[in-house]
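Protein chains: 2
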Amino acid sequence: MERIAEGEYAVMEVLWDEAPLTAADVAARVPEDKGWSLATVKTMLSRLLAKGVLSHEEDGRRYLYRPAIRREDYVAEESGRLIDRMFGGRVPALVAQLAARDKLSPADIAEIEKLLKELKS
Amino acid sequence: MERIAEGEYAVMEVLWDEAPLTAADVAARVPEDKGWSLATVKTMLSRLLAKGVLSHEEDGRRYLYRPAIRREDYVAEESGRLIDRMFGGRVPALVAQLAARDKLSPADIAEIEKLLKELKS
DNA sequence: GAGAGTGAATTACATGTGTAATCGACAGGG
DNA sequence: CCCTGTCGATTACACATGTAATTCACTCTC
Numbered sequence: 138m139e140r141i142a143e144g145e146y147a148v149m150e151v152l153w154d155e156a157p158l159t160a161a162d163v164a165a166r167v168p169e170d171k172g173w174s175l176a177t178v179k180t181m182l183s184r185l186l187a188k189g190v191l192s193h194e195e196d197g198r199r200y201l202y203r204p205a206i207r208r209e210d211y212v213a214e215e216s217g218r219l220i221d222r223m224f225g226g227r228v229p230a231l232v233a234q235l236a237a238r239d240k241l242s243p244a245d246i247a248e249i250e251k252l253l254k255e256l257k258s
Numbered sequence: 138m139e140r141i142a143e144g145e146y147a148v149m150e151v152l153w154d155e156a157p158l159t160a161a162d163v164a165a166r167v168p169e170d171k172g173w174s175l176a177t178v179k180t181m182l183s184r185l186l187a188k189g190v191l192s193h194e195e196d197g198r199r200y201l202y203r204p205a206i207r208r209e210d211y212v213a214e215e216s217g218r219l220i221d222r223m224f225g226g227r228v229p230a231l232v233a234q235l236a237a238r239d240k241l242s243p244a245d246i247a248e249i250e251k252l253l254k255e256l257k258s
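Protein sequences, first through last, are from chains A and B.
For the first sequence, the working numbering assigns the number 138 to the initial residue and increments by one for each residue that follows.
For the second sequence, the working numbering assigns the number 138 to the initial residue and increments by one for each residue that follows.
(1) Suppose contacts are defined by Cβ-Cβ distances below 8 Å. Is B:Gln234 in contact with A:Ser216 by that definition?
(2) Would you kindly report the start and end of the unbroken beta strand (DSSP E) that includes A:Pro204?
(3) Going along the chain, which unbroken runs of the alpha helix (DSSP H) with 4 or more residues stay wholly within the segment 169-237 of chain B?
(4) For B:Ala160, which option in B:Leu219, B:Arg184, B:Lys254, B:Asp239 has the closest C-alpha, if you only look at C-alpha atoms?
(5) Assign A:Leu256 to one of three DSSP states: helix, strand, or coil.
(6) Taking three-plus beta-carbon pairs below 8 Å as touching, is the segment 146-159 of chain A in contact with the segment 172-188 of chain A?
(7) Here's a check: name, in chain order, each residue in its chain whose Cβ is nearer than 7 Å to the Cβ of B:Ile220, leaving out the five neighbours to either side.
(8) Cβ closer than 7 Å: which chain B residues qualify as neighbours of A:Asp245?
(9) Against chain A, does B:Ser216 count as a neighbour if the rule is that its beta carbon must be under 8 Å from one of theirs?
(10) Using a Cβ cut-off of 8 Å (strictly closer), state whether A:Tyr146 contacts chain B.
(11) Along chain A, in chain order, which residues have C-beta atoms closer than 8 Å to that of B:Met223?
(12) What does a CB cutoff of less than 8 Å around A:Leu152 pick up in its chain, not counting 5 residues either side in sequence?
(13) Out of curiosity, what's the CA-to-CA distance linking A:Thr177 and B:Ile246?
(14) Where A:Ala254 and B:Leu253 are concerned, what is the direct C-alpha to C-alpha distance, given to the nearest angstrom?
(15) Just mark B:Met223 as buried or exposed, buried being the case when its beta carbon has 16 or more other beta carbons within 10 Å.
(16) Within the 8 Å Cβ cut-off, does A:Val151 reach chain B?
(17) Taking C-alpha atoms, which residue in B:Asp154, B:Arg238, B:Tyr211, B:Lys257 lies nearest to B:Gly189?
(18) Near A:Leu186, what residues of its chain come up, given a Cβ to Cβ distance below 7 Å and the 5 sequence neighbours on each side ignored?
(19) Taking A:Ala244 and B:Leu256 to be in contact with their CB atoms under 8 Å, please state how far apart those CB atoms are, rounded to whole angstroms.
(20) Taking the DSSP output, what are the residues bridged to B:Leu103?
(21) Using the Cα positions of A:Ala165 and B:Asp239, report the straight-line distance between them to the nearest angstrom.
(22) Specify, as a first and last residue, the run of the alpha helix (DSSP H) that A:Arg140 falls within.
(23) Can you name the start and end residues of the alpha helix (DSSP H) that B:Asp239 belongs to?
(24) CA-CA distance, B:Pro168 and B:Gly197?
Written as structure tokens, this is what we have:
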């Protein structure tokens with residue numbers, strides 16, 4: 138699966154959230170703080186199409202875009218990549234790191250414990 | 138803290154593992170499978186210096202390079218970034234994802250549970 | 001002391017990415 | 001039928017990155 142750049146990812150998020158959409162609709166739904174012009178969004182859509190992670194169908198004179206890959210799949214791949222690179226593929230090392238950095242609230246801890254308990258059953 | 142590109146990261150790894158080193162030493166320790174020439178490694182060292190994540194001290198006619206940032210700090214930042222982008226900052230969502238993908242071995246689960254238990258005490 | 005090696009610095013060049021502007025086709029309102 | 005807006009497609013351009021080669025200075029060995 139082709140890599141998706143950080144900016145492009147924001148566009149994918151929009152379409153994972155709601156699809157199919159026209160280019161204009163996507164642009165309207167991209168987070169404000171990106172400050173992108175419609176032209177910029179159209180460029181990203183083309184690049185994402187070229188990467189094969191979006192597909193489009195004709196709708197009169199326009200296209201309707203929709204994701205061609207599943208969000209979970211992409212997210213799994215990216216997080217796997219990071220865990221491999223930075224933690225030697227060891228998930229517990231990641232968790233230890235988060236713990237050491239106080240990234241885990243008591244609620245997080247409880248939630249994770251619950252998840253793990255269910256896994257074992 | 139400046140972003141470190143993926144290739145550059147391999148150079149940082151070498152220096153986090155052992156420092157200070159000369160450019161030639163770094164090149165010798167970079168993973169074989171990168172297949173980089175000495176020149177390539179030197180380019181990366183310059184760029185990392187420019188980014189302020191390495192420092193160097195003169196040693197006669199050469200430089201000795203050493204990390205200017207701590208590995209834990211960088212790793213924490215990068216993993217935080219990913220968790221924010223892909224899991225809305227929710228660590229349990231990440232763990233759930235890993236679980237759903239069978240990325241957690243029984244040993245991993247046990248280790249994480251132990252970690253969490255200690256956290257609470 | 002002249003050539004060979006070794007250092008860092010400078011330059012190179014293709015591809016990816018962020019961020020558009022422009023172009024040419026067409027459709028809908030007057 | 002012509003103007004204006006809208007579409008996708010093409011082109012633009014700077015900066016980042018991967019991947020070096022070249023250059024210039026210096027040192028070590030005959």
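Just so it is clear, CB atoms sit at the ideal spot from N, CA and C, and this is done for glycine as well.
Just so you know, these numbers come straight off a predicted model, no measurement behind them.
This is what the structure holds:
(1) In the second sequence, residue 234 of chain B corresponds to position 97, counting from 1. In the first sequence, residue 216 of chain A corresponds to position 79, counting from 1. Yes. Within cutoff.
(2) On the first sequence, position 67 is the one that residue 204 of chain A refers to. That run of the beta strand (DSSP E) goes 199-204.
(3) You should have 175-188, 208-224, 228-237.
(4) For the purposes of this step, residue 160 of chain B is taken as the residue at position 23 of the second sequence. The shortest C-alpha to C-alpha distance from B:Ala160 to any of B:Leu219, B:Arg184, B:Lys254, B:Asp239 is the one to B:Arg184.
(5) Along the first sequence, read from residue 1 onward, the residue named residue 256 of chain A stands at position 119. It is helical.
(6) Contact check between the segment 146-159 of chain A and the segment 172-188 of chain A: three or more CB pairs, one atom from each, fall below 8 Å, which counts as touching.
(7) Against the second sequence, residue 220 of chain B aligns to sequence position 83. Gly226, Val228, Leu231.
(8) What you label residue 245 of chain A is simply residue 108 of the first sequence in a count that begins at 1. What A:Asp245 touches in chain B, judged by beta-carbon distance under 7 Å, is Val228, Pro229, going in chain order.
(9) Counting from 1 along the second sequence, the entry for residue 216 of chain B is found at position 79. By this cut-off, B:Ser216 is an interface position.
(10) Here residue 146 of chain A is taken as the residue at index 9 of the first sequence, counted from 1. Among the residues facing chain B, A:Tyr146 is included, as its CB has a counterpart in that chain under 8 Å away.
(11) Position 86 of the second sequence holds residue 223 of chain B. Ordered by position in chain A, the residues that pass the 8 Å Cβ test against B:Met223 are Val212, Glu215, Ser216.
(12) As a first step, residue 152 of chain A must be located in the first sequence, where it is residue number 15. Around A:Leu152: Leu158, Val163, Leu191, Tyr202, Arg203, Pro204.
(13) Indexing the first sequence from 1 puts residue 177 of chain A at position 40. Indexing the second sequence from 1 puts residue 246 of chain B at position 109. Spanning the alpha carbons of A:Thr177 and B:Ile246 requires a straight line of approximately 44 Å.
(14) Within the first sequence, residue 254 of chain A is the residue found at index 117, counting from 1. Within the second sequence, residue 253 of chain B is the residue found at index 116, counting from 1. Note on residue identity: the sequence assigns Lys, not Ala, to residue 254 of chain A. Going from the Cα of A:Lys254 to the Cα of B:Leu253 covers about 13 Å.
(15) Taking the second sequence and counting its residues from 1, the one referred to as residue 223 of chain B is at position 86. The residue is buried, with at least 16 neighbouring Cβ atoms inside 10 Å.
(16) Numbered from its first residue, the first sequence carries residue 151 of chain A at position 14. Interface criterion not met: the Cβ of A:Val151 is under 8 Å from no Cβ in chain B.
(17) Stepping through the second sequence from its first residue, residue 189 of chain B is reached at position 52. Comparing alpha carbon positions, the residue from B:Asp154, B:Arg238, B:Tyr211, B:Lys257 closest to B:Gly189 is B:Tyr211.
(18) Position 49 of the first sequence, counting from 1, holds the residue named residue 186 of chain A. Contacts found: His193.
(19) As a first step, residue 244 of chain A is located in the first sequence; it is residue number 107 there, counting from the start. As a first step, residue 256 of chain B is located in the second sequence; it is residue number 119 there, counting from the start. Not a contact, Cβ separation roughly 13 Å.
(20) There is no way to answer for residue 103 of chain B, as the model of chain B reaches only from 138 to 258.
(21) Here the question's residue 165 of chain A lines up with position 28 in the first sequence. Here the question's residue 239 of chain B lines up with position 102 in the second sequence. When the Cα atoms are used, A:Ala165 and B:Asp239 turn out to be separated by approximately 37 Å.
(22) Position 3 of the first sequence, counted from the first residue, corresponds to residue 140 of chain A. Note, A:Arg140: premise wrong, no alpha helix (DSSP H); not H, not E.
(23) As a first step, residue 239 of chain B must be located in the second sequence, where it is residue number 102. Where B:Asp239 is concerned, there is no enclosing alpha helix (DSSP H), given that its DSSP letter is neither H nor E.
(24) One-based indexing of the second sequence puts residue 168 of chain B at position 31. One-based indexing of the second sequence puts residue 197 of chain B at position 60. C-alpha separation (whole angstroms): 27 Å.
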